[in-house]
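Trainee:
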Amino acid sequence: MSRSLADLGWIDFFADHARPFIAAVSEDAQAELEMARVVGVERAAFQVWTAQGSEEALLAGTLRQSASGPPPQPVIGDWLVVHRLPDGQGLRIVHLLPRRTTLARAVNSGLSEQIIAANVDVVFIVTTPGEDFDLPRLGRYVAAVEMSGARPVVLLNKTDLVDDSTWFVEQIGTLAPDLPVHGVAATEDHGLDAVRSYFQRGVTGALIGSSGVGKSTLTNALLGQEVASTGTVRHSDQQGRHTTTGRTLYPLPAGGLLIDNPGLRDIAVWEATRRPAAFEVVEEAAVDCRFRKCTHTTEPGCAVRRAVQQGTITADTLAAYHHAHGLSAPRPKRRE
Ligand SMILES: Nc1nc2c(ncn2[C@@H]2O[C@H](COP(=O)(O)OP(=O)(O)OP(=O)(O)O)[C@@H](O)[C@H]2O)c(=O)[nH]1
Ligand SMILES: [Mg+2]
Ligand SMILES: [Zn+2]
Numbered sequence: 006m007s008r009s010l011a012d013l014g015w016i017d018f019f020a021d022h023a024r025p026f027i028a029a030v031s032e033d034a035q036a037e038l039e040m041a042r043v044v045g046v047e048r049a050a051f052q053v054w055t056a057q058g059s060e061e062a063l064l065a066g067t068l069r070q071s072a073s074g075p076p077p078q079p080v081i082g083d084w085l086v087v088h089r090l091p092d093g094q095g096l097r098i099v100h101l102l103p104r105r106t107t108l109a110r111a112v113n114s115g116l117s118e119q120i121i122a123a124n125v126d127v128v129f130i131v132t133t134p135g136e137d138f139d140l141p142r143l144g145r146y147v148a149a150v151e152m153s154g155a156r157p158v159v160l161l162n163k164t165d166l167v168d169d170s171t172w173f174v175e176q177i178g179t180l181a182p183d184l185p186v187h188g189v190a191a192t193e194d195h196g197l198d199a200v201r202s203y204f205q206r207g208v209t210g211a212l213i214g215s216s217g218v219g220k221s222t223l224t225n226a227l228l229g230q231e232v233a234s235t236g237t238v239r240h241s242d243q244q245g246r247h248t249t250t251g252r253t254l255y256p257l258p259a260g261g262l263l264i265d266n267p268g269l270r271d272i273a274v275w276e277a278t279r280r281p282a283a284f285e286v287v288e289e290a291a292v293d294c295r296f297r298k299c300t301h302t303t304e305p306g307c308a309v310r311r312a313v314q315q316g317t318i319t320a321d322t323l324a325a326y327h328h329a330h331g332l333s334a335p336r337p338k339r340r341e
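Counting in my numbering, the sequence shown runs from 6 upward without gaps.
1. Any idea what DSSP makes of W15, helix, strand or coil?
2. Thinking C-beta only, is L108 closer than 8 Å to A41?
3. To the nearest whole angstrom, what separates the beta carbons of R104 and D126, a pair I think is in contact under 8 Å?
4. From A324 to T302, what distance separates their C-alpha atoms?
5. Below 7 Å, is the gap between the Cβ of E285 and the nearest heavy atom of ligand 3?
6. If we count the other Cβ atoms within 10 Å of its Cβ and call it buried at 16 or more, is S170 buried or exposed?
7. Out of V112, P267, Q205 and V174, state which residue places its alpha-carbon closest to the alpha-carbon of P258.
8. Quick check: is any heavy atom of ligand 3 less than 7 Å from the C-beta of V125?
9. Compute the Euclidean distance between the alpha carbons of I264 and S31, then round it to the nearest angstrom.
10. Let me know the beta strand (DSSP E) ranges lying completely inside the segment 91-129, each 3 residues or longer, listed in chain order.
11. What does the alpha-carbon distance come out to for the pair P77 and L101?
12. What three-state label does DSSP hand T192 in the structure shown?
13. Assess, as a yes-or-no matter, whether the segment 57-68 is touched by the segment 13-32 under the definition of 3 or more beta carbon pairs within less than 8 Å.
14. Taking the alpha-carbon positions, what's the R239 to S216 distance?
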């Protein structure tokens, strides 16, 4: 099945950024370039949609390494320029187009970010009128979505489990002025028309929230078929149970696209401004290092490592600083 690029969310913003890249290559090479959207990521293989359909694409060598550390990796929702190799050899990703919106969360004590999805227009924050209901945490989600450039919408799912969900809806409404809140019941097909109304042609939505709140059930209801697997929440082992483990972008039958995400425990807002501030303390201490080009790894007379020993700079900060400067391998991140 083929879809036009506009159906997949291609807009002038991306075309404007793709043009100079395409213009820079020979006419013969131009004929072999296509635009593609990332709809699934599995290690180094990217499932993409092009105007021709769904295919796998691999990173070209130039996108795997560069002098200044690893280049940004494509994430779900990204737009790419891909090179179609001759003789059915598949697609190579040659260029990552700038992101219009970036949904990210802070990891590593707020010193680095994990990008959840790119180019999402509306993020549906899903919760339930039960154990999951946590107003301060919902506030953090709303803030993170606002930072991303996308529009936050809260879905209170499983409203069939309570007699009256008015109180919950009103509480959520206090989080931000004009925050849309919809009470829905995915399994009862209740309230879903309100959700469907956000998906015009080319609009990308994403579902985020705790595990078990019904994101995949909502996805299936909006798709009109059972595509995403859903889980039965068992109270005895609710901890750490995640039915959805990867992110998938689904084209909806009536237009628009939807990303189903694995459950998150919480979201810490990634504030780009915190990074330079945290690194400033390293740079300030570094003026006392014996060597002007000290990397604060093994050099004698390093004032930065001395500050870490004295506790005025945290080991996390220095590790993140090293990571950002490509000086040591990133420490394993705890993923949720
Ligand atoms: N009563 C009721 N149950 C629902 C509703 N929506 C979903 N559920 C149930 O909630 C359970 C979890 O649903 P999922 O859709 O797998 O939840 P999820 O948010 O995708 O979970 P993860 O993939 O682990 O993040 C399933 O047993 C669903 O049938 C609803 O509106 N009402
Ligand atoms: Mg799921
Ligand atoms: Zn030093």
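Every residue gets a Cβ at the ideal spot worked out from N, C-alpha and C, and that includes glycine.
Mentor: Looking at the atomic coordinates:
1. coil
2. no
3. That belief does not hold up - the Cβ atoms of R104 and D126 are roughly 12 Å apart, past 8 Å.
4. 10 Å
5. no
6. buried
7. Q205
8. no
9. 36 Å
10. 96-101, 107-112 and 117-123
11. 8 Å
12. helix
13. no
14. Note that R239 has pLDDT 47, beneath the 50 cutoff, so the model's placement of it is unreliable and the number below is only indicative. Using only the alpha carbons, I get a separation of about 12 Å.
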